[in-house]
Amino acid sequence: MTADLYTTPTCGYCRQAKDYLKKLGISVNEKDITKDPRYMQEFERRVGAHSGVPVIFLKGAKIIGFDKNKIDKILGI
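Using our numbering, the letters of the sequence shown map in sequence onto residues 19 to 95.
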């Protein structure tokens with residue numbers, strides 16, 4: 019299973035989200051929106067221009083922010 023994770027390099031919650039997903043055995047497709055304009059365009063299309071990071075797409079669900087409870091609920095744990 020893989021999660022898309024939209025991040026920025028200075029986002030502490032992004033690092034926590036990535037670490038938590040990896041701890042659960044989920045591969046993380048990290049997309050730094052500050053380093054690749056394609057990721058920023060994709061982020062704006064999928065999430066909206068006024069959202070912050072992290073944003074996680076996991077099993078078809080969108081999670082805005084690092085929300086362990088929502089991640090666990092989506093995974094059924």
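Just so it is clear, CB atoms sit at the ideal spot from N, CA and C, and this is done for glycine as well.
It should be emphasised that the depicted structure is a prediction, and the values quoted were computed from it without experimental measurement.
Check	Outcome
Residue(s) in a DSSP beta bridge with ILE81	ILE74
Paired residues, beta bridge with GLU48 - DSSP	LEU23
N-terminal and C-terminal residue of the alpha helix (DSSP H) that LEU42 is part of	Careful: LEU42 lies outside any alpha helix (DSSP H) and carries neither H nor E.
Beta-carbon proximity list for TYR24, same chain, < 6 angstroms, skipping 5 on both sides	LYS49, ILE51, PHE61, VAL71, VAL73
Of the listed residues LEU93, ILE92, LYS86, LYS91, nearest to CYS32 (C-alpha basis)	LYS86
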